[in-house]
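Numbering (our numbering), first residue to last: 2 to 289.
Accompanying notes for the structure given below.
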Amino acid sequence: MTQQHNPVSVAVVGLGPMGAALARTLLDAGLRVTVWNRTAEAAKVLGSLGASVARTPAEAIDGVDLVLVCLRDHAAVREVLDGARTVTAVVNFSSATPDQARATAEWARAVGFDNYVTAAIMVPVPLIGDRESLILYSGNEAAYRRHHATLDHLAGAGDFLGTDHGLAPSFDVGMLEVFFAGLTSFVHAAAVMKHSGVAAQKFLPYALSALSIVPASLEGVARDIDTSTYSGDEDRVAMDLAALEHIVEAGRAAGLDTSLAESMRNLGARTVDAGDGDLGWSSVFEHL
């Protein structure tokens, strides 16, 4: 793609698998890319692909139009960028909790990184640059808008969520929780099925059938939570609790770790004990 109005020079600080993928994608897009990494080997690989290799982080970010940082965590970001200065936009792709991201944003303001953006990458390394991928952004909106055309090379969708730097990590953590809870529940269910002599692949279509109703159910749950109305017209926690007890008992009978099932059961039991057993399952939100 021909680069016309986008920044023509980008620095990528941190060349682990994700940082290297960011740099390669920008090189493929025709941008001038400067890279820096603690260990030289990863930088040399990018150098062989056309990137300029900097000796220090300060050298990498000097004079470029956009700085992308992708390090182990936000403590590493503060350590690596300590003493480096730039007036250009800095987009931090390093993983963090919402509060960690807010703390780093405060540090960035204190040391003079005024055009600072927090990002959360919602896809694995192989999907960087894919049109179906998603990256979330929050923080300095003007800096994001100014450079979004360049950032769009990295993902098909780039959603700006707001000026609170904790928003991108909040969505990241939330989406990962939904994802890993789903995977883990399938693994646990497959273990119960194995105890009954059923292969995971034979169970899979039935699991997918159960998942097919989740989107509509989530729409109702989100509406209930936002309006604080938890009708028990379609389901009741007291009724759901019986099913959750069966999940725990089946797991124990199979000799499994039932902590996930017990967590769900205990949440339902707390809700019933609080007198909300006749409300819908979404009412457990009030008892977390």
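Where is the CB? At the ideal position from N, CA and C, for every residue including glycine.
Per DSSP, Y207 is one residue of the alpha helix (DSSP H) stretching across 201 to 212.
Note that the stretch 136 to 151 does not touch the stretch 38 to 45; fewer than 3 beta-carbon pairs, one per stretch, sit closer than 8 Å. Scanning its chain for C-beta atoms nearer than 8 Å, with the 5 sequence neighbours on each side dropped, one finds no residue around L209.
Judged by DSSP in its simplified three-state form, D279 adopts coil rather than helix or strand. Considered as a whole, the stretch 20 to 55 harbours 33 to 37 as its complete beta strand (DSSP E) runs of no fewer than 3 residues, in chain order. Between the stretch 163 to 171 and the stretch 99 to 111, the count of Cβ pairs shorter than 8 Å is three or higher; the stretches touch. Between V11 and L32, the C-beta spacing is below 7 Å. Between D279 and G233, the C-beta spacing is below 7 Å. If you ignore the 5 residues before and after G159, its C-beta comes within less than 7 Å of the C-beta of I136, Y138, H149, L152, D153, all in its own chain and listed in chain order. The beta carbons of A22 and T35 sit no closer together than 7 Å. Residue pairing of V118 in beta bridges, as defined by DSSP: V92, G140. Note that the C-beta distance between V78 and L72 is below 7 Å. Secondary-structure assignment with DSSP links A158 through a beta bridge to L135. Here the C-alpha atom of S213 lies approximately 33 Å from the C-alpha atom of T119. Buried is the label assigned to G281, since at least 16 other Cβ atoms lie within 10 Å of its Cβ.
Rounded to whole angstroms, D131 and V124 show a C-alpha spacing of 9 Å. Sequence-distant Cβ neighbours of R266 in its own chain, meaning closer than 8 Å and more than five residues away, are L242, L245, E246, I248, V249. The residues T87, in chain order, have a CB closer than 8 Å to that of D63 in the same chain once the five nearest residues on each side in sequence are set aside.
Taking C-beta atoms as the reference points, D225 and S283 count as a pair closer than 7 Å.
Taking C-alpha positions only, E80 is separated from H166 by approximately 19 Å. Between L257 and A192, the C-beta spacing is below 7 Å.
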